[in-house]
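J.: Next up is a structure, given as structure tokens.
Residue numbers (the working numbering): 1 to 444.
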């Protein structure tokens with residue numbers, strides 16, 4: 001036991017030394033992103049995937065409106081490729097669907113509801129349809145966690161569906177124990193021809209703890225505790241099919257080449273910010289205050305009806321952590337009859353629960369989940385968490401294919417990177433009140 005504690009103290013001391021300003025490597029200065037050269041006239045509600053084609057045209061996946069549209073190179077006009085109308089054969093079947101770059105300028109449109117993948121040709125026409133390679137992973141391919149990529153050699157790389165550890169009594173019992181949620185996930189490659197699956201690596205995901213409450217009517221609610229500063233890993237696939245993993249614990253890169261060769265890169269320099277116990281309490285309090293100011297506009301919506309269970313994904317609580325999971329099971333129909341009735345009397349109010357401040361990390365992480373994207377030149381953009389006040393929009397660390405930091409780029413305020421195109425083009429989403437517009441900008 002003494003040896004174990006000593007090892008832990010030594011590890012913490014080494015991390016503190018590496019995080020100190022005197023030990024840290026020099027970071028490149030921040031430069032602004034290049035000029036915006038086009039902006040869509042068509043407003044959108046949300047954008048989950050952007051696919052730049054070699055012709056300059058752009059495919060956009062917009063789940064909230066249940067459509068995939070194809071913009072011209074200047075983002076002025078568009079055609080509907082898939083939607084929920086008979087004109088496209090009701091190709092957009094549900095609220096969740098994925099858009100994946102495929103061979104050349106063709107793309108895969110993944111519909112988890114029908115367990116199918118439709119090939120969209122370079123002209124924006126839906127061609128052949130094939131089944132998803134593994135039905136249990138359809139939601140992961142279809143945009144549930146993003147990142148699914150074609151490796152250029154006949155395989156899809158994606159995050160596999162988690163496997164929960166159920167134990168103890170069932171939900172109807174007072175002794176019910178919530179399922180244990182894994183704090184890691186497998187990144188796998190599946191061969192589309194043979195259906196052979198290979199596990200490439202594992203990534204760290206937010207640790208989720210479920211709180212269980214019961215009401216006077218026998219209903220049960222499970223709500224996850226949200227950690228607004230989780231330490232996680234993120235990943236992307238390079239144009240040559242290599243898997244590029246950014247580790248959150250110490251901010252370094254692991255690479256899995258297309259031939260399976262694995263390598264690691266030295267830690268990326270970062271301005272680590274230490275969090276004292278007082279800092280952690282203040283951070284949780286600030287997140288709660290921010291949500292209170294949003295009032296009813298705060299993210300987090302309960303789904304599911306009587307007699308069943310549903311899950312809701314709220315925002316990360318203002319800190320950018322994982323979404324809150326809410327599952328509700330009721331003993332009978334709500335007052336008013338149907339599934340759309342009012343909340344049952346005695347049922348607990350829905351609110352976001354946060355982890356205790358002591359569970360926040362000792363150092364603010366370098367990035368959140370979903371912060372890593374590869375451009376068409378094989379460079380990787382990591383949206384970093386600011387450690388000092390920086391006017392303007394988000395700042396990205398740009399890493400080369402070796403995992404080395406080559407520059408830092410700031411995009412305009414109110415924007416997010418949605419994808420990249422050939423010729424040094426980056427596509428941004430720009431939010432204007434409740435509408436989203438697509439912009440094309442030069443990387444330099």
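Ideal Cβ placement from N, Cα and C applies to all residues, glycine included.
For residue 61, which residues in the same chain have their Cβ closer than 6 Å to its Cβ, ignoring the five residues on either side in sequence?
T.: In the chain shown, the residue the question calls residue 61 occupies position 61. Taken in chain order, the residues that qualify are 48, 49, 68, 99.
J.: Could you please give me the residues that DSSP links to residue 381 through a beta bridge?
T.: Taking the first residue of the chain shown as position 1, residue 381 is located at position 381. According to DSSP, residue 381 bridges with 373, 398.
J.: Taking three-plus beta-carbon pairs below 8 Å as touching, is the region 422–436 in contact with the region 266–281?
T.: The region 422–436 vs the region 266–281: no contact.
J.: Just to confirm before moving on: does the CB-CB distance between residue 40 and residue 57 stay below 7 Å?
T.: By 1-based counting over the chain shown, the position of residue 40 is 40. By 1-based counting over the chain shown, the position of residue 57 is 57. Not closer than 7 Å, so no.
J.: What is the DSSP secondary structure of residue 107, counted as helix, strand or coil?
T.: The residue given as residue 107 occupies position 107 in the chain shown. In this structure, residue 107 counts as strand in the three-state DSSP scheme.
J.: Quick check on DSSP: helix, strand or coil for residue 98?
T.: Translated into the one-based positions of the chain shown, residue 98 becomes position 98. Residue state, collapsed to three classes: strand.
J.: Grab me the residues of residue 428's own chain with a C-beta within less than 7 Å of its C-beta, minus the 5 sequence neighbours each way, in chain order.
T.: One-based indexing of the chain shown puts residue 428 at position 428. The answer, listed in chain order, is 411, 415, 416, 417, 418, 439, 441.
J.: Give me the residue from 110, 37, 126 with the minimum Cα distance to residue 79.
T.: In the chain shown, counting from the first residue as 1, residue 79 sits at position 79. Nearest C-alpha to residue 79: 126.
J.: With residue 407 as the anchor, note down where its beta strand (DSSP E) starts and where it stops.
T.: The count along the chain shown starts at 1 and reaches residue 407 at position 407. Where residue 407 is concerned, the enclosing beta strand (DSSP E) stretches over 405–410.
J.: Determine the burial state of residue 256: buried for a count of at least 16 other Cβ atoms within 10 Å of its Cβ, exposed for fewer.
T.: For the purposes of this step, residue 256 is identified with residue 256 of the chain shown, where counting begins at 1. That one is buried.
J.: Find out if the Cβ-Cβ distance for the pair residue 217, residue 355 is shorter than 7 Å.
T.: Position 217 of the chain shown, counting from 1, holds the residue named residue 217. Position 355 of the chain shown, counting from 1, holds the residue named residue 355. Against a cut-off of 7 Å, the Cβ pair of residue 355 and residue 217 comes out as no contact.
J.: Given a cut-off of 7 Å on the beta-carbon distance, is the pair residue 115 and residue 84 in contact?
T.: If you number the chain shown from 1, residue 115 lands on position 115. If you number the chain shown from 1, residue 84 lands on position 84. For residue 115 and residue 84, no; Cβs fall outside 7 Å.
J.: Would you tell me roughly how many angstroms separate the C-alpha atoms of residue 379 and residue 139, rounded to the nearest one?
T.: Position 379 of the chain shown, counted from the start, is the residue given in the question as residue 379. Position 139 of the chain shown, counted from the start, is the residue given in the question as residue 139. Going from the Cα of residue 379 to the Cα of residue 139 covers about 28 Å.
J.: Indicate the three-state DSSP secondary structure (helix, strand or coil) for residue 416 in the structure shown.
T.: Against the chain shown, residue 416 aligns to sequence position 416. It is a strand residue.
J.: Output the boundary residues of the beta strand (DSSP E) element that contains residue 262.
T.: Residue numbering aside, residue 262 sits at position 262 when the chain shown is read from its first letter. Looking at the DSSP string, the run of the beta strand (DSSP E) that includes residue 262 is 262–264.
J.: At which residues does the beta strand (DSSP E) containing residue 436 begin and terminate?
T.: Mapped onto the chain shown, residue 436 falls at position 436. From DSSP, the beta strand (DSSP E) with residue 436 extends over 435–442.
J.: I need the straight-line Cα distance from residue 353 to residue 284, nearest angstrom please.
T.: Walking along the chain shown from the start, residue 353 turns up at place 353. Walking along the chain shown from the start, residue 284 turns up at place 284. Those two C-alpha atoms are separated by around 11 Å.
J.: Measuring CB to CB, does residue 395 end up less than 7 Å from residue 30?
T.: Position 395 of the chain shown, counted from the start, is the residue given in the question as residue 395. Position 30 of the chain shown, counted from the start, is the residue given in the question as residue 30. For residue 395 and residue 30, yes; Cβs fall inside 7 Å.
J.: By alpha-carbon positions, which one of 203, 132, 129 ends up nearest to residue 162?
T.: Indexing the chain shown from 1 puts residue 162 at position 162. Closest option to residue 162, Cα to Cα, is 203.
J.: Would DSSP call residue 445 helix, strand or coil?
T.: Here the chain comprises residues numbered 1 to 444, so residue 445 is not present and cannot be evaluated.
J.: When you compare only the Cα positions, how much space is there between residue 343 and residue 90?
T.: Residue numbering aside, residue 343 sits at position 343 when the chain shown is read from its first letter. Residue numbering aside, residue 90 sits at position 90 when the chain shown is read from its first letter. Low confidence applies to residue 343: its pLDDT is 46, below 50, so where it sits in the model is not reliable, and the reading given next is rough at best. Approximately 34 Å between the Cα atoms of the pair.
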